[in-house]
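Just so you know, the sequence shown maps onto residues 0 to 419 in numbering that gives the first Met the number 0.
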Amino acid sequence: MRFRSVACAVAGITASATVLTACAESGGAGGQGGGAGVEYGASIEEYQEAFESVDPIVIHTQSPAAKGASGGQHIEKYAEAVSEWSGGKITFDMVYSNGVASPTEADNAVQDGRLDLAQVMGAYEPQEYPVTFALNNASVLSDNSVVVGSLSSNAWPVDVAFSTPEFISEYEEQDLKLLIPSFNSGSIALICAQARNDLAELKGQSIASGSATLGTQVSALGGNPVSIGYTEYYESLQRGVAACAATTLTAGMIAGIMEVAPHITIDPEAGFVNTSGALAMNADVWEGLPLVAQQLMWDRLDVFVEGSMNKIWEGTVAASATIAQFGGAAEPFADDARDALTAKNEEIVDGLAETAPGGDEFVRRVRDSAAEWKTTVTDLGYENTVDYTGFAEWYSPEKLDTTAFVDELFAEVLLEHRPS
Numbered sequence: 000m001r002f003r004s005v006a007c008a009v010a011g012i013t014a015s016a017t018v019l020t021a022c023a024e025s026g027g028a029g030g031q032g033g034g035a036g037v038e039y040g041a042s043i044e045e046y047q048e049a050f051e052s053v054d055p056i057v058i059h060t061q062s063p064a065a066k067g068a069s070g071g072q073h074i075e076k077y078a079e080a081v082s083e084w085s086g087g088k089i090t091f092d093m094v095y096s097n098g099v100a101s102p103t104e105a106d107n108a109v110q111d112g113r114l115d116l117a118q119v120m121g122a123y124e125p126q127e128y129p130v131t132f133a134l135n136n137a138s139v140l141s142d143n144s145v146v147v148g149s150l151s152s153n154a155w156p157v158d159v160a161f162s163t164p165e166f167i168s169e170y171e172e173q174d175l176k177l178l179i180p181s182f183n184s185g186s187i188a189l190i191c192a193q194a195r196n197d198l199a200e201l202k203g204q205s206i207a208s209g210s211a212t213l214g215t216q217v218s219a220l221g222g223n224p225v226s227i228g229y230t231e232y233y234e235s236l237q238r239g240v241a242a243c244a245a246t247t248l249t250a251g252m253i254a255g256i257m258e259v260a261p262h263i264t265i266d267p268e269a270g271f272v273n274t275s276g277a278l279a280m281n282a283d284v285w286e287g288l289p290l291v292a293q294q295l296m297w298d299r300l301d302v303f304v305e306g307s308m309n310k311i312w313e314g315t316v317a318a319s320a321t322i323a324q325f326g327g328a329a330e331p332f333a334d335d336a337r338d339a340l341t342a343k344n345e346e347i348v349d350g351l352a353e354t355a356p357g358g359d360e361f362v363r364r365v366r367d368s369a370a371e372w373k374t375t376v377t378d379l380g381y382e383n384t385v386d387y388t389g390f391a392e393w394y395s396p397e398k399l400d401t402t403a404f405v406d407e408l409f410a411e412v413l414l415e416h417r418p419s
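Written out as structure tokens, the structure reads:
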């Protein structure tokens, strides 16, 4: 077990046995968790009072973006909220721009002690996380619209993950405690140097594709999937090595590729597989936290989810402005391309009956959950007032208050798993 994430108040101690004792005491519960908790819905004053007898705790984590950047607001605001609600008893030592470990190595960094809490990408390691890989492939079922799709695609995989014991256990086997099992950074789009949205325009074109499943979708559209490193997107598009890159609008903005590829194809009805991440903590560190600390970190996941959604929409606004500046636009697929991608997506989902835990039952659950959460989101009053092209002019945070959505996600999924 590691105790370095709990701040030691005793300075100058070097003997390892003494260090372990000192750090465990700083955890507020003998380093073994437990202690008194609070009810769900407790006020900030009630939480701060409960933390009065808790020793200081430091959580080591990282942000994917530079300090203060939109792309990292979900983890930064989460850390700020947890710290405030704990009365400053929980603080976060945060490294920016994935300075400790790349997204594909973040799980290892949590396991070996470089990080306590991180956003991990299990879908990139199908041998170690086969159920995550299966659920990730099922993301082709998601609605890809700018509001309803963004919300529902960040809800139904969470629902399915927590109701799939094999999903949870594959993280437990890696000594990871899942807080949010799935979240994405927006739908995958084709970001192209020229407008390409029908089969004739896509035929034979090289398209940068980041996964094998995405490659099969590109092939179904007549394109040629090519493996190009993310940092090489700009030059590849500029020089014509690739006609398009299949990635999210937020990622495209970070890579700066809209300058040379301002033509976007993104279709609400037929989308690409999306590589989702998870928020996970070292299991030993988690178990060593006092119960009230576990509960607070769980309850303030509302801030993480809200920040994650705002990150998508702010990235969309920035992308819309940039593509307009460079003479581009966002448009859906033509009918022939939409039909081809829809057929491939059905094939991908049906194939999960052979590879996913539970087979046909898993396929039924992902189909049902994707449809149900889309209905839930619309029943909560969210709607696609505009498409991607008009979103930048329409959007303001006041128009997209996520409170109702986050409350529903907690009530239907997260509350059942709250520490107690």
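We put the beta carbon where it would ideally sit given N, CA and C, even for glycine.
Kindly indicate which three-state DSSP category residue i falls into: helix, strand or coil?
| i | result |
| --- | --- |
| D115 | coil |
| S181 | strand |
| I265 | coil |
| F50 | coil |
| V57 | strand |
| A154 | coil |
| G276 | strand |
| F271 | coil |
| D92 | strand |
| K176 | strand |
| G255 | coil |
| N135 | helix |
| G148 | helix |
| S368 | helix |
| A122 | helix |
| A355 | coil |
| G33 | strand |
| N281 | strand |
| A80 | helix |
| S205 | strand |
| A41 | coil |
| A260 | coil |
Give me, in chain order, the residues of the same chain whose beta-carbon lies closer than 8 Å to that of residue i; leave out the 5 immediate sequence neighbours on both sides.
| i | result |
| --- | --- |
| A14 | Residue placement at A14 is poorly supported in this model, since its pLDDT is 30, which falls under 50; the coordinates still yield a value, given next. Around A14: no qualifying Cβ. |
| T103 | M120, Y123, E124 |
| D92 | V57, I58, H59, T60 |
If contacts are defined as beta-carbon pairs under 8 Å, then residue i and residue j qualify, I think. What distance do you get, rounded to the angstrom?
| i | j | result |
| --- | --- | --- |
| L236 | I265 | With a Cβ gap of about 17 Å, L236 and I265 do not count as contacting. |
| P289 | G33 | 7 Å |
| A78 | V291 | No, A78 and V291 are not in contact; Cβ-Cβ is about 17 Å, not under 8 Å. |
| T401 | M308 | 5 Å |
| S151 | N183 | Contact flag wrong, Cβ pair sits at about 11 Å. |
| A391 | V316 | 5 Å |
| S275 | A122 | 7 Å |
| G306 | H59 | The pair is not a contact, with the Cβ atoms about 19 Å apart (cut-off 8 Å). |
| L177 | A318 | Actually they do not touch by this definition, with Cβ atoms about 30 Å apart. |
Leaving out the 5 sequence neighbours to the left and right, which residues in its chain are closer than 7 Å to residue i when beta-carbon positions are compared?
| i | result |
| --- | --- |
| H416 | F161 |
| A137 | V348, L351, V365 |
| A336 | N196, D197, L198, L201, L220 |
Can you give me the C-alpha to C-alpha distance between residue i and residue j, rounded to a whole angstrom?
| i | j | result |
| --- | --- | --- |
| T384 | V159 | 28 Å |
| Y95 | G67 | 9 Å |
| V420 | A192 | Shown here, the chain extends from 0 to 419; a query on residue 420 therefore has no answer. |
| A21 | A254 | Per-residue confidence for A21 stands at a pLDDT of 27, beneath the threshold of 50, marking its modelled position as unreliable; the derived number appears in the next sentence. Spanning the two alpha carbons is a distance of roughly 45 Å. |
| P180 | A154 | 10 Å |
| P55 | G287 | 13 Å |
| Y233 | V99 | 25 Å |
| A108 | G86 | 28 Å |
| D197 | I187 | 17 Å |
| L134 | P156 | 7 Å |
| G112 | G389 | 45 Å |
| L213 | F271 | 7 Å |
| P356 | D367 | 16 Å |
| E313 | S208 | 24 Å |
| S205 | W393 | 34 Å |
| Y229 | L399 | 31 Å |
| N344 | D115 | 36 Å |
| N273 | A211 | 12 Å |
| V240 | S144 | 30 Å |
| G251 | K76 | 23 Å |
For residue i, I'd like the list of residues in its chain whose CB is within less than 6 Å of its CB, leaving aside the five on either flank, ordered along the chain.
| i | result |
| --- | --- |
| I43 | W84 |
| A64 | G70, G71 |
| V437 | Any question about residue 437 goes unanswered here, given that the chain covers just 0 to 419. |
| A80 | R299, V302 |
| T163 | none |
| L201 | R195, L220, G221, G222 |
| A403 | L379 |
| I174 | Per the sequence presented here, residue 174 reads as Asp, with Ile not at that position. Q110, A282. |
| F409 | none |
| T131 | G121, A122 |
Please determine whether the Cβ atom of residue i lies at a distance below 7 Å from any heavy atom of the ligand FMN.
| i | result |
| --- | --- |
| V130 | Ligands in the displayed structure: none, and consequently the ligand FMN is not present. |
With a threshold of 8 Å between beta carbons, is residue i in contact with chain D?
| i | result |
| --- | --- |
| P396 | This model lacks chain D altogether; it includes just one protein chain. |
ask   = Fully enclosed by the region 286-344, which alpha helix (DSSP H) runs are 4 residues long or longer?
value = 290-298, 300-324
message = Extract the residue ranges of the alpha helix (DSSP H) inside the region 207-249, only unbroken runs of 4 or more that lie entirely within it.
response = 211-219, 232-238
key: Start-end ranges of the beta strand (DSSP E) lying completely within the region 372-411, minimum 3 residues   = For the region 372-411, not a single whole beta strand (DSSP E) run of length 3 or above is found.
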